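To start, the structure under review is shown below, and the notes come after it.
In the working numbering, the protein residues as written are -5 to 491.
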């Protein structure tokens, strides 16, 4: 009996082993057939066709763009008929950011989201725009054998945390003379500046600088400018100093520094044979930079009036100057559209920024120094990153010309132009508000952060003040205040009546 049980167990184990082998063989067979089926499936699906410059994109550019940007005619130094030249870009820098159509200047031009619109007589068909966008997004291949180019890291446009830090002591005018130097029939304002930390606006009028409260609009003080008329006004970064650059056309030029609290004239810097058109003071209060009709940018040390730098790459009158917030860089623009960024310590040119086709009217650094804005009589505003000096954005801001520009503390901008308006913008070119009501060409604009007000002046001498949030006109500033004697006479007449 025991022997039979043993034999039965052995037979059962043998059958079990055979069953296991058969099951394993069946499983392996299924896997093999599955792999074969899968490979056949992949073989039947054609590989996705590559989009390349040589095979598809070049034909679009030849048909739509080569009449202006190819062969012997290369407007803006831009050639679309050659892959290498296309990727280099034109006078405004690179136009294709491989891997991202949204960040490519060329894509903005062909969609007519950026300026100048390409082609200028109407957009190309949407199917061609999509093909170009797909080509860029897939790495901007030259041909079927090319490897996709890696997308460049995006510029960080976030503001540094301490870039807008308020100083412990804020400078406001105390007791100043309210007696104007002159009363004139046409008190044209040539420059406007606001204190970064106090409700004060400075107006450059003939032979004097007027200080007003931006909230009450009352006159706070008059600073005589015996040197002539100011063409440039700047508060220092902490608001304690006011600088004016100007003089007498064809005769003399100076820059003057005042103490904002007392109105005391502290010093004059430089001595030119023609007026100063643009000037700025460094955040450290150590340096003054200025320029004008002599086509030179000069940098002086304030303490001893010693000239440290003389920069001579401009080909026309220097019309715009500003130190970077930390003072390590200096931007300057000229009447020929030339725009340069310099290293302050050495005077070495860091970047020559090409793109504007007419006079540079203003340059303005964002508070963290990462971005520079420029405006021009060509009507545009351009935004530049300051690591490599490349163009980030540009847009048409004012018909006929943009005459004034300022970066705001929150990264937005305010501008004014020949269309008799002032405008606020996001740094991507989106319009925030338009401020209307000026009767003549706007010559200068400024923004008061303490009262959230926009102040702009025109050639007729009118200075208007608006609420920045709703563009409602608050009132006017008096650019031609009456003398104390006339005020007394007017007050006496009012009492008698």
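Using N, Cα and C, we set each Cβ at its ideal position, and we do this for glycine too. Computed from a predicted structure; not experimentally measured.
Check                                                                                                                                                                   : Outcome
In angstroms with no decimal places, state the Cα-to-Cα distance between residue 365 and residue 343.                                                                   : 17 Å
Are residue 478 and residue 172 closer than 8 Å when you measure CB to CB?                                                                                              : yes
Among 372, 482, 409, 166, which one has its Cα closest to the Cα of residue 232?                                                                                        : 166
How many Å lie between residue 273 and residue 58 at the Cα?                                                                                                            : 45 Å
Which residue wins for smallest C-alpha separation from residue 334, given the options 316, 216, 248?                                                                   : 316
With distance defined between alpha-carbon atoms, name the residue in 161, 180, 227, 179 nearest to residue 198.                                                        : 227
Is the CB-CB distance between residue 356 and residue 369 below 8 Å?                                                                                                    : yes
Tell me where the alpha helix (DSSP H) around residue 121 begins and ends.                                                                                              : 120 to 131
By the DSSP assignment, the beta strand (DSSP E) with residue 180 in it spans what residues?                                                                            : It is not in any beta strand (DSSP E) - residue 180 carries neither H nor E in the DSSP assignment.
The beta strand (DSSP E) that contains residue 225, what's its start and end?                                                                                           : 223 to 229
Pick out whichever of 308, 296, 44 has its Cα sitting closest to the Cα of residue 252.                                                                                 : 296
Flag this pair as yes or no: are the beta carbons of residue 292 and residue 283 separated by less than 8 Å?                                                            : yes
Would you kindly check if the distance between the Cβ of residue 336 and the Cβ of residue 324 is under 8 Å?                                                            : yes
At which residues does the alpha helix (DSSP H) containing residue 480 begin and terminate?                                                                             : 478 to 490
Among 211, 396, 108, which one has its Cα closest to the Cα of residue 445?                                                                                             : 211
Exposed or buried, which one is residue 388 when buried takes at least 16 other CB atoms within 10 Å?                                                                   : buried
Pop quiz: residue 207 and residue 194 are said to be a contact at Cβ under 8 Å. What is the actual Cβ separation, rounded to whole angstroms?                           : 7 Å
Taking the beta carbon of residue 475 as the centre, do at least 16 other beta carbons fall within 10 Å, making it buried, or is it exposed?                            : buried
Between the Cα of residue 271 and those of 131, 247, 169, 175, spot the shortest distance and give me the residue it belongs to.                                        : 247
By the three-class DSSP mapping on this structure, what secondary structure does residue 447 have?                                                                      : strand
In angstroms with no decimal places, state the Cα-to-Cα distance between residue 64 and residue 113.                                                                    : 13 Å
Quick one: Cα of residue 285 to Cα of residue 367, how far?                                                                                                             : 19 Å
Just how far apart, CA to CA, sit residue 435 and residue 458?                                                                                                          : 13 Å
Hey, residue 319 and residue 361: beta-carbon distance below 8 Å or not?                                                                                                : yes
In this structure, how does DSSP classify residue 55 when only helix, strand and coil are distinguished?                                                                : helix
Count the other CB atoms within 10 Å of the CB of residue 489; is the residue buried (16 or more) or exposed (fewer)?                                                   : exposed
With a Cβ-Cβ cutoff of 8 Å, do residue 56 and residue 75 count as a contact?                                                                                            : yes
Could you spell out the range, first to last residue, of the alpha helix (DSSP H) harbouring residue 80?                                                                : 77 to 82
Would DSSP call residue 243 helix, strand or coil?                                                                                                                      : coil
For residue 89, which residues from the same chain have a beta carbon less than 6 Å from its beta carbon, with the 5 sequence-adjacent residues on both sides left out? : 83, 99, 100
With burial defined as no fewer than 16 other Cβ atoms inside 10 Å of the residue's Cβ, what is the status of residue 481: buried or exposed?                           : exposed
Distance check for residue 354 and residue 328, CA to CA, integer angstroms please.                                                                                     : 6 Å
Taking the Cβ atom as the reference point for each residue, do residue 427 and residue 462 lie within a distance shorter than 8 Å?                                      : yes
The beta strand (DSSP E) spanning residue 495 covers which residue range?                                                                                               : Beyond the ends of the chain as shown, which are -5 and 491, falls residue 495; an answer cannot be given.
Output the boundary residues of the beta strand (DSSP E) element that contains residue 457.                                                                             : 457 to 461
Kindly indicate which residue of 139, 234, 405 has the alpha-carbon position closest to the one of residue 192.                                                         : 234
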